[in-house]
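Undergrad:
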Amino acid sequence: MGASPRRKEDRRLLTGRGRFVTDLQLPRMRHVAFLRSPWAHARIVGVDASALDPAEHPVFTADSPGFDVSLRALSALPGYVTTDQPPLARGTARFAGEAVAAVVADDRYQAEDALERIEVDWEPLPVMVRAWTDGALAADGTGVGRSPAPEPVPAPVHAEAPDNQLLARTFEAGDVDAALAASAAVVRRSLTTNRHGGNPMEGRAGVALYTDDGHLTFWSGTQVPHLVRNLLAELLELPESRLRVIAPDVGGGFGVKAVLYPEDLALCLMARALPGTPLKWVEDRAEHLAAACASRDHHYEVTAGFDDEGRLTAVAADVWCNVGAYSVYPWTAGIEALMAGGLMTGPYKVAHYRCTVRGITTNTTPAGPYRGVARPATVYAMECLLDSGARALGLDPVDVRRINLIGPDDVPYRLPTRLVDDTGYYGECLDAAAERLDLAGLRVEQARRRALGPGAGVVKPIGIGIACYNELTGLGRAASAGPRMPFRTGHEACTVRVNPDGRVLVLSGVTSQGQGWETTAAQIVADAMGVALDDVEVRYGDTDQVLWGFGAFSSRQAVIAGGAAHLAAGAVRDAALRLAAELYEASVADLRLEAGKVYVAGSPEPVGSLADVARVAYLESNRLPDGFEPGLDATRFYDPVMGAFAAGVQLAAIEIDPATGELTILRWVCVEDAGRAINPQIVHGQVAGSIAQGIGGALYEHLVYDEGGNLRTGTLLDYLMPTSAEIPEMDIGHIERPADNPLGVRGVGEGGTLGPAGVLASAVADAIGIDVDELPITPDRLWLALHEQASADGAAVGSPGEGTVR
Amino acid sequence: MKPAPFAHVRPASVAEAVEALAAGAELDGGAKVLAGGQSLVPLLAMRLAAPSLLVDLNALPGLRGVTADGPDGALRIGALTRHADLVAPPGPVPGAPGAPSGALDHEIGVGVPLLAQAAGWIGHTAIRARGTFGGSLAHADPNAEWPAVALACDAELAVVGPGGERLAPASGFFHGLLQTDLADDELLTSARLARPRAWAFAELARRHGDFALVLCVVTELAAGWRVVLGGVAGTPVRCASAEALLDQGERDPAALAAAVAAAPEAEAFSDLHASAAYRRAMAAELASRALRQIQPATSPPAPLPGGPPTSAAVAPAPPDAVAPPDAVAPPRLVPPRAAVAPAPSPERSGAVAVALNVNGRNRTAACEPRHTLADVLREQLGLTGTHLGCEQGVCGACTVLLDGEPVRSCLTFAVQAEGAAVTTIEGLAAPDGTLHPVQDAFSRCHGLQCGYCTPGFVLTAVHLLATDPAPTRPAIREALSGNLCRCTGYVGIVDAVEEASRDLVPPPVTDDAPGQENVGSNPAGGHD
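Chains A and B are the protein sequences, given in the same order.
Going by my numbering, the first residue of the first sequence is number 1, and it counts up by one from there.
Going by my numbering, the first residue of the second sequence is number 1001, and it counts up by one from there.
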């Protein structure tokens, strides 16, 4: 604990011997390709596969036997509209890219050849791609936080929702109207965030093998293998004991793979129809961009009131989330909207809050979980409000943050949505970040450049941006993510087993898609037990090996699975020491394990080893004292009940070339309170990687649909992910304030992603006085805003003033 | 994303190639020319193109290299000259944060500095190792560098068809988006470029290595000034009013910008990445930047360092005379292939045997011409360490070394690797399991998380350190910018390559501090 040993997974990954589903080859294996709808919304009149030999190329459609099941994401939320998502489009295709048919062939080349010989007769329907209408709220601000219900639409995506609304919820605390009326300043912003997605470097992938004796094995690049087993067993009406889900090495997840997809179900149904033949489907990048879950296609109408010192008096918001064509399984269409409403105010204290969130279905790819779930957008919204408030009151924007942050004395702080923030170290993070950035020095340089004026031509204005965020991690049963689904993701199991040779095997319920859990879990167990790291092996991702786990999402591995590993390891250590006490005739209290050896207090030489003890436990029951069962293992569940908030602050300095609108990041600083770091290098890596994804979403990545519902960014030539040339060097600092859980840890997987949109919007406003009301921030948008600003001012481009990026 | 079936021929002469094209034009799907394949293969993979025949030029002798052509200093560039043959030595990222666009340095590069400057903007290391000058002209992407450079240098293109060779001026060669003067049975073999007395190149791209949003090439030729804009129309365009101003002696950048801004040629289009208004404004801005940076016309042409080739013409010539000059080719990590194997059978989609050396072992694979090297390595040879991340030539996960050069194995057909030496990630560690220093540094520096992109990064880094043993951090970032990582934020990767460079080479006596200007070898040199 607290050290950064070499990761156990590195060697195989560095030598090309990783075990990705994509790499899996099995005897008799055949390959699957999906025929995908070219239409965003169309009735399927008929599918004709008669040109294919069914013996050579079995073809499956919604009409195939067994395909009459559907994914139904359930929620007990009042007013929630439950909808069906079929494994293959049934009757109607609802987004361009939806799988309509599937074909089997000996390799992927031939499978794609076969797709070209399937004919589909389409009847196009009207298409809706946007989840909100401009100007939906009264311009005078009345009713903010209580957006009007949507109107019926000509061709609803689902008949069950004539207005395309799948859910709506209003969060309310205090008296917003009175608080706004009494405010020294009230600011409004109208903000739109850009649809983008996880794009892990390995796409989705699955291999399904159904054997004649009724067993299904599904190798899947999933983040949630037990959940997949549970859901598939229900859908396929198979006993869970005959269903094995294996998630081996997975090439990145970021939430996108925490979903049970229709393709997964289709692949398993196809395997059941073709017993004995392993069927492999590997999603290619075009499929990923078109059909894997995307996120953050939101619109925010937000209002905030301030007192004359810059304290927030009230926040009101209306939020529209584009949930795409289907309610993502099993997380539901509420995943983003409810997170947005639940955590909108972030780490800022405010008593009066009203927010109506809506999930609107459209003819676009379904929206699902993606690193940070909604909060990169809500942080952006809050930081925009604080910047606008600071400007309205003539206050320093950083000071306005500082005065509103939850402090150590406020903890536990009850958010207006009743979540309890247990960290108050935002101010400490902010101070540390400001120092690392050299905020004072940059302000001097900024003033120097401003003094040179816009006429200097080559002078590029500097801006400093800021975002503060609370990352709710390791959600226990009382806080667990999701809209009242029929399961609670608060707990994890871990089994720690000492083998007869004294070495330790850990069977962990969570999974890893790059987070280094194999190493981190080993560190936790080695530390708790007193054995060498090299003597601990970690297994995860196989439902036949591991008792139970919800998997990897919501930054929960370290907190929840770490807690379970710690508890299980402690239980085994105690059991080993109890047995050792009998064997070595010592008091348990005097015994300890260290590097696999048993020591008695006061003696420098070990009296024995864990291997000796384990040997007795397994092989020499004749030596077992009365009351001791053979074996040496323990399984423990852990549920933190609430969760652990991780504090984070990011600051950046940028400069803008007024001639081209190019934005250059000069410095990027992040300081987080991630609690106690189990492996500092991994913590660092999580923060850096998540910041990079946040920067990608703020500046480059955008899934763009035309009005006909065609994805215009269907390749990586148009969907721009940042490279090493775009991502800046980062200065990442940590303050370690232990959380109230067995390891004192807080999650770190998502926090970094929450900041960049807010930071960059804030920095642009600081540099050139232009409000960023739409993401991503691109050179042509900045240039246009500067151009309009200059025209309005009658001044040269680049002079301070008001403007808007749209 | 896998190509439809096609037949593949590898002609041994230009005449044979033309013959194959003529025959292929009669087939259902027609024929396509395969040179570097960096633009064609993604189109094939997405099945946006499905030719019946690919005529693979890569075995043609005499089409690779740059030679002086005539007493006026003109250059002849063979169609198969790789971008990498023309690029400048590695340096900080042009256009990256901190580096201005369109900077100049007459000291840079091989051949003509304009070529080196422009080549540095093309894609990434692995793209430049395969992509060709002629392929770029024939593909005619208006946002690409070479069509604009050709137009700015009054290029004359040598085109060979069934009736023999004809000369096509660049001014009439580009007909529209991806459309040229080339007939189906014609082959572009070389281009003759006037040597500019003065020049400047400026470009704006969304990310490093992307096709330009807008680019501007300004040259002073004996025949007058040329101002060429790329990325504003379906073809690169000359801006007549701006050229006239320069011819009249006007040297005020603002005047040039005003001329471009008002020019009918700058009537731009809008797309996902930029509006028409922005493109027009940037054309004007880049033109003014180019003029500000242009060197005095009295500067003599930079000599060709490293011993320029001296043959009067590129093609036809003996094979050894047209190999790229040593100064051009980066050091090879493995010996070049000994001989080119005979062309495989042109049977469409029929299996062909491909013999290649993988990680030191001779291997044979039976595959179709359409099978990519990546798929054959993974599916047939069991080398699953090479990963596919996009099959569009963007992500770099599939990077392997082909005769020592980094290539995208998703954009290379296995038949093209016939007789070649391939190094994959499985071939880097020592037989006793000792990790290669780059692998080891990745582990020490947390340069990998999920590990899926890692093989491509490691091989790209191995190549980088073989060509530039002590790269700066910006140079590392430039060299790796053709590889996408979604987990690390690149920090650990850059750290790892920096550490590996220290492990591989003892640090120099003088401290090479980060941020130190290295103008002599910096494609973005000469900036503020």
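Where is the CB? At the ideal position from N, CA and C, for every residue including glycine.
These figures come from a predicted structure and were not determined experimentally.
By how many angstroms is the C-alpha of valine 187 of chain A removed from the C-alpha of serine 388 of chain A?
TA: Position 388 of the first sequence, counted from the start, is the residue given in the question as residue 388 of chain A. Position 187 of the first sequence, counted from the start, is the residue given in the question as residue 187 of chain A. Near 6 Å, if we compare the C-alpha coordinates of valine 187 of chain A and serine 388 of chain A.
Undergrad: Considering only C-alpha positions, which residue in the set A/Leu415, A/Asp264 and A/Gly197 is nearest to valine 256 of chain A?
TA: If you number the first sequence from 1, residue 256 of chain A lands on position 256. With distances taken between Cα atoms, valine 256 of chain A lies closest to A/Gly197.
Undergrad: With isoleucine 462 of chain A as the anchor, note down where its alpha helix (DSSP H) starts and where it stops.
TA: Residue numbering aside, residue 462 of chain A sits at position 462 when the first sequence is read from its first letter. Segment 462 to 473 is the beta strand (DSSP E) holding isoleucine 462 of chain A; no alpha helix (DSSP H) there.
Undergrad: Tell me which residues share the same chain as leucine 343 of chain A and place their Cβ nearer than 8 Å to its Cβ, disregarding the 5 neighbours each side in the sequence.
TA: Looking up residue 343 of chain A in the first sequence gives position 343. Once the five neighbours on either side are set aside, the close Cβ partners of leucine 343 of chain A are Ala374, Arg375, Thr378, Leu415, Thr417, Leu419, Asn470 and Leu472.
Undergrad: So, are the CB atoms of glycine 1489 of chain B and alanine 1397 of chain B less than 7 Å apart?
TA: In the second sequence, counting from the first residue as 1, residue 1489 of chain B sits at position 489. In the second sequence, counting from the first residue as 1, residue 1397 of chain B sits at position 397. No, they are not a contact pair.
Undergrad: Going by beta carbon distance, what residues of the same chain come within less than 6 Å of glycine 758 of chain A, once the five residues before and after it are set aside?
TA: Your numbering for residue 758 of chain A matches position 758 in the first sequence. Correct list, in chain order: Val379, Tyr380, Glu383 and Ala467.
Undergrad: Any residues in the region 494 to 523 of chain A with a beta carbon nearer than 8 Å to a beta carbon of chain B? Which ones, in chain order?
TA: Residues Gln513, Gly514, Gln515 and Gly516.
Undergrad: Nearest-angstrom Cα distance between alanine 792 of chain A and alanine 304 of chain A?
TA: For the purposes of this step, residue 792 of chain A is taken as the residue at position 792 of the first sequence. For the purposes of this step, residue 304 of chain A is taken as the residue at position 304 of the first sequence. Approximately 27 Å between the Cα atoms of the pair.
Undergrad: With a cut-off of 8 Å on the beta carbons, I'd call valine 1227 of chain B and glutamate 1243 of chain B a contact; round off their distance for me.
TA: Position 227 of the second sequence, counted from the first residue, corresponds to residue 1227 of chain B. Position 243 of the second sequence, counted from the first residue, corresponds to residue 1243 of chain B. That belief holds up - the Cβ atoms of valine 1227 of chain B and glutamate 1243 of chain B are roughly 5 Å apart, short of 8 Å.
Undergrad: Compute the beta-carbon to beta-carbon distance between proline 330 of chain A and leucine 231 of chain A, rounded to the nearest angstrom, for a pair I have assumed lies under 8 Å.
TA: Residue numbering aside, residue 330 of chain A sits at position 330 when the first sequence is read from its first letter. Residue numbering aside, residue 231 of chain A sits at position 231 when the first sequence is read from its first letter. Yes, proline 330 of chain A and leucine 231 of chain A are in contact; Cβ-Cβ is about 6 Å, under 8 Å.
Undergrad: Any idea what DSSP makes of glycine 66 of chain A, helix, strand or coil?
TA: Here the question's residue 66 of chain A lines up with position 66 in the first sequence. Reduced to three states, the DSSP call for glycine 66 of chain A is coil.
Undergrad: Buried or exposed for threonine 489 of chain A, going by 16 or more other Cβ atoms inside 10 Å?
TA: The residue given as residue 489 of chain A occupies position 489 in the first sequence. With 16 or more Cβ atoms within 10 Å of its Cβ, threonine 489 of chain A is classed as buried.
Undergrad: Give the DSSP-derived three-state secondary structure of tryptophan 132 of chain A in the structure shown.
TA: In the first sequence, counting from the first residue as 1, residue 132 of chain A sits at position 132. In this structure, tryptophan 132 of chain A counts as coil in the three-state DSSP scheme.
Undergrad: Can you list the residues of chain C that leucine 1484 of chain B reaches, using a CB-CB cut of under 8 Å?
TA: Looking for chain C here will not work: the only protein chains present are A and B.
Undergrad: From the DSSP output, in three-state form, read off glycine 1109 of chain B for me.
TA: Taking the second sequence and counting its residues from 1, the one referred to as residue 1109 of chain B is at position 109. Reliability of the predicted coordinates at glycine 1109 of chain B is poor, the pLDDT of 31 falling under 50, and the value obtained from them is presented with this limitation in mind. Three-state DSSP puts glycine 1109 of chain B in coil, outside helix and strand.
Undergrad: For the pair the region 357 to 371 of chain A and the region 441 to 456 of chain A, tell me if three or more CB-CB distances fall below 8 Å.
TA: In short, these stretches do not touch, since the Cβ pair count stays below three.
Undergrad: Answer yes or no: do alanine 155 of chain A and tyrosine 210 of chain A have a C-beta to C-beta separation smaller than 7 Å?
TA: Here residue 155 of chain A corresponds to residue number 155 of the first sequence, with the count starting at 1. Here residue 210 of chain A corresponds to residue number 210 of the first sequence, with the count starting at 1. No; because the gap between Cβ atoms is not below 7 Å, this pair is not in contact.
Undergrad: In chain B, which residues lie with their C-beta within 8 Å of the C-beta of arginine 117 of chain A?
TA: Here residue 117 of chain A is taken as the residue at index 117 of the first sequence, counted from 1. In chain order: nothing, as chain B lies at least about 12 Å away.
Undergrad: Please name the residue or residues paired with valine 1033 of chain B in a DSSP beta bridge.
TA: For the purposes of this step, residue 1033 of chain B is taken as the residue at position 33 of the second sequence. Looking at the DSSP assignment, valine 1033 of chain B forms a beta bridge with B/Val1055.
Undergrad: With a cut-off of 7 Å, does the C-beta of alanine 659 of chain A fall near any C-beta of chain B?
TA: Along the first sequence, read from residue 1 onward, the residue named residue 659 of chain A stands at position 659. So yes, alanine 659 of chain A belongs to the interface.
Undergrad: When burial is assigned at 16 or more other CB atoms within 10 Å of the CB, is phenylalanine 811 of chain A buried or exposed?
TA: There is simply no residue 811 of chain A to check, as chain A begins at 1 and stops at 806 in what is shown.
Undergrad: Nearest-angstrom Cα distance between proline 65 of chain A and alanine 105 of chain A?
TA: Locating residue 65 of chain A in the first sequence gives position 65, counting from the first residue. Locating residue 105 of chain A in the first sequence gives position 105, counting from the first residue. For proline 65 of chain A and alanine 105 of chain A, the distance between alpha carbons rounds to 19 Å.
Undergrad: For glycine 372 of chain A versus glutamate 750 of chain A, is the C-beta spacing smaller than 7 Å?
TA: Mapped onto the first sequence, residue 372 of chain A falls at position 372. Mapped onto the first sequence, residue 750 of chain A falls at position 750. Yes, Cβ-Cβ distance for glycine 372 of chain A and glutamate 750 of chain A is below 7 Å.
Undergrad: Give, in chain order, every residue of the region 233 to 257 of chain A whose Cβ lies closer than 9 Å to some Cβ of chain B.
TA: Those residues of the region 233 to 257 of chain A that come within reach of chain B (Cβ to Cβ, closer than 9 Å) are Asp249, Val250, Gly251, Gly252, Gly253 and Phe254.
Undergrad: I want to verify the contact list: residues of chain B whose CB lies under 8 Å from the CB of glycine 214 of chain A, in sequence order.
TA: As a working mapping, residue 214 of chain A is identified with position 214 in the first sequence. Ordered by position in chain B, no residue passes the 8 Å Cβ test against glycine 214 of chain A, which lies about 30 Å from the chain.
Undergrad: Using a C-beta cutoff of 7 Å, does histidine 1208 of chain B count as contacting chain A?
TA: Stepping through the second sequence from its first residue, residue 1208 of chain B is reached at position 208. It does; some Cβ of chain A falls within 7 Å.
Undergrad: Kindly list, in the order they appear in chain B, the residues whose Cβ is closer than 7 Å to that of aspartate 106 of chain A.
TA: Within the first sequence, residue 106 of chain A is the residue found at index 106, counting from 1. Residues of chain B passing the Cβ test: none, with the nearest at roughly 11 Å.
Undergrad: Going along the chain, which residues of the region 774 to 792 of chain A sit with their C-beta nearer than 8 Å to a C-beta in chain B?
TA: Per Cβ criterion, the list reads Thr778, Pro779, Asp780, Trp783, Leu784 and His787.
Undergrad: Could you say if the region 432 to 449 of chain A and the region 650 to 665 of chain A meet the contact criterion of at least three C-beta pairs nearer than 8 Å?
TA: Enough Cβ pairs lie closer than 8 Å, so yes.
Undergrad: Quick check: the Cα distance between arginine 90 of chain A and alanine 233 of chain A, rounded to an integer number of angstroms?
TA: The residue you call residue 90 of chain A lines up with position 90 of the first sequence. The residue you call residue 233 of chain A lines up with position 233 of the first sequence. So the alpha carbons of these two residues sit roughly 22 Å apart.
Undergrad: In terms of DSSP beta bridges, what is aspartate 421 of chain A paired with?
TA: Translated into the one-based positions of the first sequence, residue 421 of chain A becomes position 421. Aspartate 421 of chain A is bridged to A/Tyr413.
Undergrad: Taking the beta carbon of serine 587 of chain A as the centre, do at least 16 other beta carbons fall within 10 Å, making it buried, or is it exposed?
TA: Here the question's residue 587 of chain A lines up with position 587 in the first sequence. Serine 587 of chain A comes out exposed.
Undergrad: Establish whether the CB of threonine 15 of chain A and some CB of chain B are separated by less than 7 Å.
TA: As a first step, residue 15 of chain A must be located in the first sequence, where it is residue number 15. Closer than 7 Å to some Cβ of chain B, the Cβ of threonine 15 of chain A qualifies, so yes.
Undergrad: List in chain order: all unbroken beta strand (DSSP E) runs of 3+ residues lying wholly within the region 558 to 590 of chain A.
TA: List check, beta strand (DSSP E) in window: nothing returned.
Undergrad: Flag alanine 692 of chain A as yes if its beta-carbon sits less than 7 Å from any beta-carbon of chain B, otherwise no.
TA: Here residue 692 of chain A is taken as the residue at index 692 of the first sequence, counted from 1. Judged by the 7 Å Cβ criterion, alanine 692 of chain A is in contact with chain B.
Undergrad: For leucine 1333 of chain B, which residues of its own chain have a beta-carbon under 8 Å away from its beta-carbon, when the five flanking residues on both sides are left out?
TA: Position 333 of the second sequence, counted from the start, is the residue given in the question as residue 1333 of chain B. Below a pLDDT of 50, predicted positions are generally treated as unreliable, and leucine 1333 of chain B, at 36, falls in that range; no measurement from the model is reported.
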